[in-house]
Amino acid sequence: AFQENEIRLLTAEIECLKNSGCLGVSPSLEGLRDENAKLKYRLNFLRKSLQEERSKPGRNMININSCLQEIFGAAIQAAYPELENPPLVVTPSQQPKFGDYQCNSAMGITQILLKTKEQKVSPREIAEKITKHIPANECIEKVEIAGPGFINVHLRRDFVSKQLSSLLVNGVQPPAIGKRKKVVVDFSSPNIAKEMHVGHLRSTIIGESMCRLFEFAGYDVLRLNHLGDWGTQFGMLIAHLQDKFPDYLTVSPPIGDLQAFYKESKRRFDTEEEFKKRAYQCVVLLQSKTPDFIKAWELICDVSRKEFQKIYNCLDITLTERGESFYHEMMKDIVKEFEDKGFVQVDDGRKIVFVPGFPVPLTIMKSDGGYTYDTSDLAALKHRLCEEKADIIIYVVDSGQSGHLQTVFAAGQMIGWYDPKVTRVAHAAFGVVLGEDKKKFKTRSGDTVRLIDLLEEGLKRAMDKLKDKERDKVLTTEELKAAQTSVAFGCIKYADLSHNRLNDYVFSFDKMLDDRGNTAAYLLYAFTRIRAIARLANIDEQMLRKAAREEVLILDHEKEWKLGKCILRFPEILQKILEDLLLHTLCDYLYELATTFTEFYDNCYCVEKDRQSGQIVKVNMWRLLLCEATATVMAKGFDILGIKPVQRM
1 AFQENEIRLL TAEIECLKNS GCLGVSPSLE GLRDENAKLK YRLNFLRKSL QEERSKPGRN
61 MININSCLQE IFGAAIQAAY PELENPPLVV TPSQQPKFGD YQCNSAMGIT QILLKTKEQK
121 VSPREIAEKI TKHIPANECI EKVEIAGPGF INVHLRRDFV SKQLSSLLVN GVQPPAIGKR
181 KKVVVDFSSP NIAKEMHVGH LRSTIIGESM CRLFEFAGYD VLRLNHLGDW GTQFGMLIAH
241 LQDKFPDYLT VSPPIGDLQA FYKESKRRFD TEEEFKKRAY QCVVLLQSKT PDFIKAWELI
301 CDVSRKEFQK IYNCLDITLT ERGESFYHEM MKDIVKEFED KGFVQVDDGR KIVFVPGFPV
361 PLTIMKSDGG YTYDTSDLAA LKHRLCEEKA DIIIYVVDSG QSGHLQTVFA AGQMIGWYDP
421 KVTRVAHAAF GVVLGEDKKK FKTRSGDTVR LIDLLEEGLK RAMDKLKDKE RDKVLTTEEL
481 KAAQTSVAFG CIKYADLSHN RLNDYVFSFD KMLDDRGNTA AYLLYAFTRI RAIARLANID
541 EQMLRKAARE EVLILDHEKE WKLGKCILRF PEILQKILED LLLHTLCDYL YELATTFTEF
601 YDNCYCVEKD RQSGQIVKVN MWRLLLCEAT ATVMAKGFDI LGIKPVQRM
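As structure tokens, this is what we get:
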């Protein structure tokens with residue numbers, strides 16, 4: 001309605017200028033022509049904005065930061081139409097005295113005017129000019145210019161209240177993203193015949209959360225597990241299988257410990273020359289698809305899959321398996337394509353490809369005619385681009401692979417598979433997991449920590465912690481078990497996700513199970529407390545839903561206002577992560593939301609009781625709705641992080 005009214009007024013103003021014969025008549029009327037250009041720009045902005053708003057599904061949550069960027073973008077263009085791509089900086093204010101948001105573009109525009117036009121204009125003067133051109137909108141109450149040229153923005157309380165009511169009625173909905181895109185996420189990717197260790201933890205947890213975020217935002221997501229299920233190591237495994245279980249074709253071999261089986265075959269490969277020769281023959285027979293050898297390979301893969309699935313079940317991970325073997329038949333075509341386009345050089349029998357800007361070439365065929373990881377990674381990239389038609393491809397792989405992946409991506413661009421301006425191919429790199437001694441996380445004997453052992457230790461410690469808090473005395477057996485798994489796996493995931501993935505992080509059960517500070521234990525407990533408030537006031541879900549439709553959320557108290565604004569920042573947090581893929585931002589936000597809620601709860605009575613009898617005398621329903629909105633957003637945040645909260649803890 002605001003936008004439609006503004007369009008009518010602006011159209012009338014332009015018509016008035018036309019009718020008075022003032023447009024394009026003489027050079028002396030330059031100012032009026034400028035005014036007309038500004039009016040037309042504002043009119044086009046409002047029409048476009050209104051059209052976009054109408055095309056959005058009504059249930060999408062509004063990203064307030066994006067709205068303000070649109071508003072200030074229009075104001076800056078109207079104030080300085082001659083500037084191309086002027087800086088647009090809108091951020092939440094850090095202190096209430098500086099309003100709710102700040103536009104800090106004036107300083108940047110000052111520098112541009114000085115450099116490009118040699119005009120010396122103070123940032124404050126620029127800020128004043130910008131504020132005069134702010135188009136009509138429904139979210140800004142007032143703006144103030146502070147200091148050298150910061151524009152402090154105060155939001156309208158009725159606007160914030162309305163958005164909170166919409167959240168309560170419609171649930172937490174994603175911000176509008178425009179066209180639905182196809183996203184491929186490559187994560188976890190353990191090797192067959194080797195156990196998953198702590199190094200696989202980060203890729204698995206980070207990749208799962210990224211998928212959940214893109215799915216919530218409305219993208220079509222394909223979760224790929226690029227298993228190491230092909231290669232020369234299968235020769236020694238099959239040869240060892242034939243010796244140890246000669247009747248493997250008719251009786252399923254009882255391989256209990258595949259890791260020990262792998263180590264035995266590797267020891268024989270390194271020490272027995274005859275075995276080594278047989279292993280190489282097995283590789284040739286496997287790659288030529290000899291049925292008995294394919295059967296042996298499938299048996300070994302199946303044993304590994306069952307072990308991997310135990311971990312995926314614990315951590316609630318969903319994946320589509322597409323290992324290196326999937327791309328094997330495509331590799332000869334990859335080599336031919338690079339040869340046909342003249343990119344291949346021969347070096348000591350190897351076929352290599354140099355990519356401009358990268359010192360190490362890709363080896364796409366070995367001197368013996370075999371393929372390499374480079375070949376399979378190129379085949380996988382092409383398949384995801386050309387067959388899956390992915391708009392976004394994300395590789396959740398450790399930082400040590402950065403050079404290799406960037407070379408593969410650049411080779412894909414060089415040969416014409418994709419344009420980085422159209423298709424996003426990104427390496428979501430991560431650091432290593434360290435022990436409390438700040439060295440690579442190992443067992444006391446120096447071995448790599450098995451992931452299944454880590455998860456079992458987490459369960460044990462979570463139960464110990466719950467019993468220390470005497471939860472076993474107040475929870476049923478089922479509730480205690482649910483709390484144990486929620487805390488154990490939630491804490492392991494959160495400890496990883498709450499750190500910037502680019503950095504190494506120290507794995508400490510003591511810290512992650514601490515119920516103080518920015519931990520899953522604290523947030524899960526805070527969530528159960530919030531959920532209990534309405535229950536203890538005898539307000540059920542049906543009553544809350546009815547109140548959400550009928551009650552106006554009063555935000556008069558400063559803590560109500562602070563909490564309401566914090567809740568509504570959720571869409572802008574998600575938008576930022578969709579862009580930079582840094583999930584710790586969501587963890588930081590959830591912790592801020594929980595602490596902001598605590599401030600609110602300590603200062604604003606939700607349920608008032610008689611001090612003598614303890615009877616409820618008054619329920620402040622709008623405050624219970626703020627509790628509900630907080631819990632709803634926290635629940636969605638937990639879901640994206642792969643954490644399962646419980647109702648009682």
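Under the UniProt record's numbering, the first residue of the sequence shown carries the number 1, and numbering increases by one thereafter. Glycine is no exception: its CB is placed at the ideal position from the N, C-alpha and C atoms.
Nearest neighbour of residue i, chosen from the options [CA to CA]
{"i": "residue 156", "options": "99, 325, 263 and 343", "result": "99"}
{"i": "residue 426", "options": "393, 541 and 413", "result": "393"}
{"i": "residue 328", "options": "309, 366, 375 and 336", "result": "375"}
{"i": "residue 419", "options": "450, 382, 632 and 448", "result": "382"}
{"i": "residue 498", "options": "63, 559 and 206", "result": "206"}
{"i": "residue 552", "options": "624, 471, 187 and 465", "result": "624"}
{"i": "residue 149", "options": "121, 159 and 442", "result": "121"}
{"i": "residue 170", "options": "410, 350, 60 and 496", "result": "60"}
{"i": "residue 457", "options": "222, 468, 167 and 487", "result": "487"}
{"i": "residue 332", "options": "348, 284 and 369", "result": "369"}
{"i": "residue 378", "options": "367, 566, 585 and 362", "result": "362"}
{"i": "residue 212", "options": "586, 299 and 262", "result": "586"}
{"i": "residue 125", "options": "141, 438 and 80", "result": "80"}
{"i": "residue 506", "options": "272, 573 and 437", "result": "437"}
{"i": "residue 365", "options": "350, 118 and 359", "result": "350"}
{"i": "residue 146", "options": "188, 127, 475 and 600", "result": "127"}
{"i": "residue 598", "options": "490, 544 and 563", "result": "563"}
Beta-carbon proximity list for residue i, same chain, < 6 angstroms, skipping 5 on both sides
{"i": "residue 89", "result": "104 and 105"}
{"i": "residue 621", "result": "547 and 551"}
{"i": "residue 594", "result": "523 and 526"}
{"i": "residue 248", "result": "241"}
{"i": "residue 54", "result": "Only weak support is given to the placement of residue 54: the predicted model assigns it a pLDDT of 39, under 50, and the value that follows is read from those uncertain coordinates. Nothing listed; no residue qualifies."}
Sub-8 angstroms separation of residue i and residue j beta-carbons
{"i": "residue 231", "j": "residue 280", "result": "no"}
{"i": "residue 101", "j": "residue 87", "result": "no"}
{"i": "residue 346", "j": "residue 338", "result": "no"}
{"i": "residue 530", "j": "residue 630", "result": "yes"}
{"i": "residue 502", "j": "residue 431", "result": "yes"}
{"i": "residue 214", "j": "residue 183", "result": "yes"}
{"i": "residue 112", "j": "residue 311", "result": "no"}
{"i": "residue 314", "j": "residue 455", "result": "yes"}
{"i": "residue 322", "j": "residue 404", "result": "no"}
{"i": "residue 164", "j": "residue 568", "result": "yes"}
{"i": "residue 462", "j": "residue 513", "result": "yes"}
{"i": "residue 324", "j": "residue 228", "result": "yes"}
{"i": "residue 581", "j": "residue 500", "result": "no"}
{"i": "residue 482", "j": "residue 643", "result": "no"}
Distance between residue j and residue i (C-alpha atoms, nearest Å)
{"i": "residue 304", "j": "residue 195", "result": "8 angstroms"}
{"i": "residue 173", "j": "residue 216", "result": "8 angstroms"}
{"i": "residue 617", "j": "residue 533", "result": "15 angstroms"}
{"i": "residue 603", "j": "residue 389", "result": "53 angstroms"}
{"i": "residue 250", "j": "residue 634", "result": "53 angstroms"}
{"i": "residue 26", "j": "residue 129", "result": "Low confidence applies to residue 26: its pLDDT is 40, below 50, so where it sits in the model is not reliable, and the reading given next is rough at best. Straight-line Cα distance between these residues: approximately 26 angstroms."}
{"i": "residue 116", "j": "residue 218", "result": "42 angstroms"}
{"i": "residue 246", "j": "residue 508", "result": "45 angstroms"}
{"i": "residue 83", "j": "residue 179", "result": "29 angstroms"}
{"i": "residue 402", "j": "residue 396", "result": "11 angstroms"}
{"i": "residue 357", "j": "residue 406", "result": "10 angstroms"}
{"i": "residue 153", "j": "residue 72", "result": "11 angstroms"}
{"i": "residue 96", "j": "residue 162", "result": "21 angstroms"}
{"i": "residue 471", "j": "residue 649", "result": "7 angstroms"}
{"i": "residue 193", "j": "residue 591", "result": "40 angstroms"}
{"i": "residue 440", "j": "residue 510", "result": "18 angstroms"}
{"i": "residue 142", "j": "residue 109", "result": "22 angstroms"}
{"i": "residue 613", "j": "residue 560", "result": "28 angstroms"}
{"i": "residue 23", "j": "residue 412", "result": "Note that residue 23 scores a pLDDT of 41, beneath 50, so its modelled location is shaky and nothing firm can be said."}
{"i": "residue 133", "j": "residue 75", "result": "5 angstroms"}
{"i": "residue 131", "j": "residue 565", "result": "23 angstroms"}
{"i": "residue 417", "j": "residue 352", "result": "19 angstroms"}
Residues near residue i by beta carbon distance below 7 angstroms, same chain, minus five either side
{"i": "residue 627", "result": "530, 533, 534 and 606"}
Other residues of its chain near residue i: CB distance less than 8 angstroms, five sequence neighbours each side excluded
{"i": "residue 199", "result": "398, 432, 433 and 448"}
{"i": "residue 615", "result": "609"}
Checklist entry - Where are the beta strand (DSSP E) runs, 3 residues long or more, that stay fully inside the segment 347 to 397, in chain order? => result 350 to 353, 362 to 365 and 392 to 395
Item to check | Unbroken stretches of the alpha helix (DSSP H), 4 residues or longer, contained in the segment 504 to 574 | outcome: 509 to 512, 520 to 536, 541 to 550 and 558 to 568
Checklist entry - Of all the alpha helix (DSSP H) runs that stay within the bounds of the segment 82 to 138, which reach a length of 4 or more residues? => result 106 to 116 and 123 to 132
Next on the checklist: Ignoring anything shorter than 3 residues, give me the beta strand (DSSP E) runs that lie fully in the segment 134 to 165, in order along the chain.
Outcome noted: 140 to 146 and 150 to 155
Checklist entry - Can you give, in chain order, each stretch of the alpha helix (DSSP H) that sits fully within the segment 183 to 220 and has at least 4 residues? => result 198 to 216
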